[in-house]
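Chemist: Residue numbers (the UniProt record's numbering): 1 to 74. Cβ atoms here follow ideal geometry from the backbone N, Cα and C, with glycine treated the same way. Please read through the structure below; I'll follow up with questions.
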Amino acid sequence: MLDFELTEQESADETSMTRVDSTYAYKLLGRLNGGTIDAGLKICDDFLESDYAYLDGQFICLCVERLDVEFLDR
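Shown next, in the form of structure tokens:
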């Protein structure tokens, strides 16, 4: 992920992954579990675990400028 803004959310309503207008930006709402945010799809990144460990188990909003994805074989 490139540029982002991460905030803790007080109310834990629903998880979502919403595209911002017609850009490549996304707003992810979900629960942080280690290095993974569950926003309907599980998004993993090491920085979530190392830099935001204090938010583990909390509902967060992660706004990203762009997502780089890698699809793993099962």
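Give me the Cα-Cα distance between residue 62 and residue 71, rounded to the nearest whole angstrom.
Modeler: The residue labelled residue 62 in the question sits at position 62 within the sequence shown. The residue labelled residue 71 in the question sits at position 71 within the sequence shown. Spanning the two alpha carbons is a distance of roughly 20 Å.
Chemist: For the candidate residues 69, 65, 38, whose alpha-carbon lies nearest to that of residue 56?
Modeler: Position 56 of the sequence shown, counted from the start, is the residue given in the question as residue 56. Of 69, 65, 38, the residue nearest in Cα terms is 38.
Chemist: Does the beta carbon of residue 41 fall short of 8 Å from some heavy atom of the ligand SAH?
Modeler: The ligand SAH is not among the ligands present in this structure, which contains no ligands whatsoever.
Chemist: Between the C-alpha atoms of residue 1 and residue 13, what's the straight-line distance to the nearest angstrom?
Modeler: On the sequence shown, position 1 is the one that residue 1 refers to. On the sequence shown, position 13 is the one that residue 13 refers to. With a pLDDT of only 43 at residue 1, under the threshold of 50, the placement of this residue in the model should not be trusted; the figure read from the coordinates follows. The alpha-carbon atoms of residue 1 and residue 13 are separated by roughly 25 Å.
Chemist: Suppose contacts are defined by Cβ-Cβ distances below 9 Å. Is residue 15 in contact with residue 30 by that definition?
Modeler: Position 15 of the sequence shown, counting from 1, holds the residue named residue 15. Position 30 of the sequence shown, counting from 1, holds the residue named residue 30. Yes. Within cutoff.
Chemist: Need the endpoints of the beta strand (DSSP E) that residue 38 sits in, please.
Modeler: Counted from its first residue, the sequence shown places residue 38 at position 38. From DSSP, the beta strand (DSSP E) with residue 38 extends over 36–38.
Chemist: Kindly identify the DSSP beta-bridge partner or partners of residue 52.
Modeler: If you number the sequence shown from 1, residue 52 lands on position 52. Paired residues: none, contrary to the question.
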